[in-house]
Amino acid sequence: MLLALGGITLSANGCANAAPGSAEATTGVPSIARATPTTTAPRTTATTTTTTTTSTTTTTTTTVPATTTTLAWQQFPKAAVQPVFAAHGSAPVISHINTTDPVLFLTIDDGIVRDPRVPAFLAEHHIPATLFIVPGAAHQDPGYFEQILALGGSANSHTRHHPDLKGKGVDEQKGEICGGAAAMQATFGSAGHLFRPPYGSWDGTTMRAAAQCGMTAVVVWRASMWDGHIDIQGGGPLRAGDIVIAHFRHDLYDNLVLLVALAQEQGLTLARLEDYLPAAPG
Ligand SMILES: [Zn+2]
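First residue of the sequence shown? That's 216 in the working numbering, and the numbers climb one at a time after it.
In structure tokens, the structure reads:
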């Protein structure tokens, strides 16, 4: 199916950027983490799809900061969300957040091309993004990414050298995953606890290595954007809880324009993935 949208062509059934060993394989094995409402939030539930068992012993409550203006994404989550835990020493692989909240999540990878229109567009539309940056790009131009991080997201490991991890030994995978997180910490003063495998390629060793590096989730995606197109695994349209991947490339600005249009069409708000995958308590 092809849709023309603001001069951009949307292919809902494209097949590029298929991720080996990724997302779809994980969605059939949900474990349920039932959320406990906060004192003020409406009673809704938020659950997380994982490949492994999720502990349900601890609840993290998210409160909206007492600022004069509440941004759209700050209305979410509507209910408290429980942290995802590494079960049996493996970080779960997550492609979609099961939630009743009308939210989408933007993730952006790599960082080689740094279009100045992108931070401005994200700021104008108050869109937080979860970043998975290669260390070299972060080191080259930290200020560029800090403009985006200031909107609410975090900088996370995308490995040190961007290899295809699948099939590699645990020590090599750990070196890449832990090294990526350490580079984010060194460059930005903080690092997130999520991990995105290059090319969406991972195996069971990746899940164990990520957990050993302190990562709480291996984050893949359900929708990917390229050249002003979107690919949605399992078919469109975008739905609540979808994780979207884009890259810091020359097409990013066009992809973001399309994403905002599609989100509006579906009544979805681009919210913070970090709020739906909170850190496990100390
Ligand atoms: Zn990448």
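Beta carbons: idealized from backbone N, C-alpha and C, even for Gly. As the structure is a computational prediction, the values presented were derived from the model and not from experiment.
* Is the segment 339-346 touching the segment 315-326, taking contact as three or more C-beta pairs under 8 angstroms? -> yes
* To do: Examine ligand 1 and report whether any of its heavy atoms sits within less than 6 angstroms of the Cβ of proline 331.
  => no
* Provide the residue span of the alpha helix (DSSP H) that contains isoleucine 363, from first to last. => Taken as a continuous stretch (DSSP letters only), the alpha helix (DSSP H) holding isoleucine 363 covers 357-364.
* **Complete runs of the beta strand (DSSP E) confined to the segment 285-343 [at least 3 residues]** => 312-314, 318-325
* Less than 6 angstroms between the CB of proline 493 and some heavy atom of ligand 1, yes or no? -> no
* Return the chain-ordered list of same chain residues with a C-beta closer than 8 angstroms to the C-beta of cysteine 428, the five sequence neighbours on each side being excluded. => Ser372, Lys389, Ile392, Cys393, Ala396, Phe410
* To do: Return the residue from the list Ala398, Glu361, Asp356, Gly382 that minimises the CA-CA distance to histidine 376.
  => Ala398
* Asked: Hey, would you say the C-beta of aspartate 379 is under 6 angstroms away from at least one heavy atom of ligand 1?
  -> no
* **Length of the line joining the Cα atoms of valine 308 and asparagine 470** => Approximately 25 angstroms between the Cα atoms of the pair.
* Asked: Which first and last residues belong to the beta strand (DSSP E) in which leucine 485 is found?
  -> 484-486
* Any chance you could list the alpha helix (DSSP H) runs of at least 4 consecutive residues sitting entirely within the segment 364-392, in chain order? => none
* Asked: With 16 other CB atoms within 10 Å as the buried threshold, where does valine 349 fall?
  -> Valine 349 should be labelled buried.
* So threonine 420 is in the alpha helix (DSSP H); what residue range does that whole segment cover? -> 419-427
* Asked: Tell me which same chain residues have a C-beta within less than 7 angstroms of the C-beta of proline 412, skipping the five on either side of it?
  -> Leu380, Thr421, Val433
* To do: Report the rounded CA-to-CA distance for isoleucine 312 versus methionine 430, giving the unit in angstroms.
  => 17 angstroms
* Considering only the beta carbon of each residue, do phenylalanine 463 and glycine 368 sit closer than 7 angstroms? -> no
* Does the beta carbon of aspartate 324 fall short of 6 angstroms from some heavy atom of ligand 1? -> For ligand 1, at least one heavy atom lies less than 6 angstroms from the Cβ of aspartate 324.
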